[in-house]
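**Student:**
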Amino acid sequence: FAVAFPLFWLEHDLRAKILPFVALLAAVGYPFYQPHLFTIPVFGVWPDVFTGVVMVVFVMMACGLNIVVGYAGLLDLGYVGFYAVGAYTVAILSSKHGSLPWLLSLPIAVLVSMASGVLLGAPTLRLRGDYLAIVTLGFGEIIRIFMNNLDRPVNITNGPKGINLVEPVRLFGFDFSKS
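The number in my numbering is simply the position in the sequence shown, starting from 1, with 19 added.
Pasting the structure below:
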């Protein structure tokens, strides 16, 4: 807030261009300055890095859902299914099954998630309203059930317990798995 407060004295057009970059810089730098933040007596300690990452993930999903539902006007109830496809792809590729670095598995996960969107979108291209909602809800449930049952006959996702031994995210020498 102390960094962003001087920006409010700028013109609206200039502030609209600078403020997102300041917010992005604060979010990216949070793991580095979070341990040095003071404690507010009423609210307690600041959230750790893991909680901050979860909050950023939910903000990104809410922004994407705002585009799909708010701007496009499509009722997509299986939106989290595409997120799950990408998340499971990164986890499988960067665990003992794939042994790829995190930065290499991320673009592959984007392509796999895009391919699943094309596979679902091609036959349902003309659906609108309730019919689209039912199809996308079914896709989300199919992905959830498929990943939960992918522990037999070959254990890939470890079932409902989840994938373990995933390579931790490291950028510029900073390990994001430790807060």
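Note that the Cβ used here is the ideal one computed from N, Cα and C, for glycine as well. Because the structure is a prediction, the values reported are computed rather than measured.
Does the region 130-150 come within contact of the region 167-187, defined as at least 3 CB pairs closer than 8 Å?
**Tutor:** no
**Student:** Would you list the one or two residues that DSSP bridges to ASP194?
**Tutor:** The sequence position of residue 194 within the sequence shown is 175, counting from 1. BP columns for ASP194 point to ARG189.
**Student:** Taking all protein chains shown into account, do 16 or more other C-beta atoms lie within 10 angstroms of the C-beta of THR155, making it buried, or fewer, making it exposed?
**Tutor:** Position 136 of the sequence shown, counting from 1, holds the residue named residue 155. It counts as buried.
**Student:** Taking GLU160 as part of the alpha helix (DSSP H), name the residues at either end of that continuous run.
**Tutor:** As a position in the sequence shown, residue 160 is number 141, starting the count at 1. Note, GLU160: alpha helix (DSSP H), 149-167.
**Student:** Alpha carbon to alpha carbon, what distance is there between ILE161 and LEU43?
**Tutor:** As a position in the sequence shown, residue 43 is number 24, starting the count at 1. As a position in the sequence shown, residue 161 is number 142, starting the count at 1. Taking the Cα positions, LEU43 is about 35 Å away from ILE161.
**Student:** Given 7 Å as the limit, tell me if GLY105 has its C-beta closer than that to any heavy atom belonging to the ligand ADP.
**Tutor:** This structure lacks the ligand ADP, and indeed carries no ligand of any kind.
**Student:** Determine the direct distance from the alpha carbon of LEU112 to that of SER118, and round the result to whole angstroms.
**Tutor:** In the sequence shown, counting from the first residue as 1, residue 118 sits at position 99. In the sequence shown, counting from the first residue as 1, residue 112 sits at position 93. If I take the Cα positions, the gap works out to 6 Å.
**Student:** Below 8 Å CB to CB, which residues in the same chain sit around ALA106 once its five sequence neighbours on both sides are set aside?
**Tutor:** Position 87 of the sequence shown, counting from 1, holds the residue named residue 106. Correct list, in chain order: ALA128.
**Student:** Who are the Cβ neighbours of VAL131 in its own chain at under 8 Å, not counting the five residues just before and after it?
**Tutor:** Along the sequence shown, one-based indexing puts residue 131 at 112. Hits under 8 Å: VAL104, GLY105, THR108.
**Student:** Can you list, in chain order, the residues of its chain with a C-beta nearer than 6 Å to that of ASP95? Leave out the 5 residues immediately preceding and following it.
**Tutor:** Translated into the one-based positions of the sequence shown, residue 95 becomes position 76. Around ASP95, the same chain offers VAL87, THR155 as residues with beta carbons nearer than 6 Å, after the five sequence neighbours per side are excluded.
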